[in-house]
Amino acid sequence: MRALADAWPADPFHPNLQLRVFLKSLATHPDLTHDHVRIMRALKGNTLIKRYAPTVGTLRPPSIPLHYVRLMEGVEKSQLGIGRPMWKRLLNIW
């Protein structure tokens with residue numbers, strides 16, 4: 004579990020609240036089982052998204068087809084410190 008915690012990527016949006024610190028503390032927990040480690044390994048390896056791949060309808064909902072594209076653009080730009088202007092946020096313009 005400690006090796007999984009060390010390999011877990013850092014969260015740039017929450018520098019004071021890291022999942023890796025929580026996983027390291029769980030590594031010494033007395034009730035830790037092999038199933039817990041197996042589940043964390045599956046989360047780290049993205050095996051669930053490979054097994055249950057999202058459909059096109061999920062990724063591009065008919066009501067707002069560009070929702071997730073815009074969401075990812077917003078996350079990537081916010082990591083760089085780029086925000087949308089106030090007038091675009093008020094008028095809901097992307």
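Position in the sequence shown (first residue = 1) + 3 = the working numbering.
Even for Gly, the Cβ is constructed at its ideal location relative to N, Cα and C.
Note that this is a predicted model, so its numbers are computed, not measured.
CA-to-CA distance, residue j to residue i, given in whole angstroms
{"i": "Ala45", "j": "Leu51", "result": "7 Å"}
{"i": "Leu35", "j": "Pro64", "result": "40 Å"}
{"i": "Leu29", "j": "Met4", "result": "8 Å"}
{"i": "Phe16", "j": "Gln82", "result": "8 Å"}
{"i": "Pro18", "j": "Ser66", "result": "35 Å"}
{"i": "Gln32", "j": "Asp14", "result": "Correcting the residue identity first, residue 32 is His in this sequence and not Gln. Roughly 23 Å separates the two Cα atoms."}
{"i": "Leu69", "j": "Asn95", "result": "13 Å"}
Whole-number beta carbon distance between residue j and residue i, since they are thought to touch under 8 Å
{"i": "Trp11", "j": "Leu22", "result": "6 Å"}
Continuous alpha helix (DSSP H) stretch holding residue i: start and end
{"i": "Ser66", "result": "Neither: Ser66 is in no alpha helix (DSSP H) and is coded neither H nor E."}
{"i": "Trp90", "result": "Met89 to Leu94"}
{"i": "Ile42", "result": "His37 to Lys47"}
Beta-carbon proximity of residue i to residue j, cut-off 8 Å
{"i": "Trp97", "j": "Arg73", "result": "yes"}
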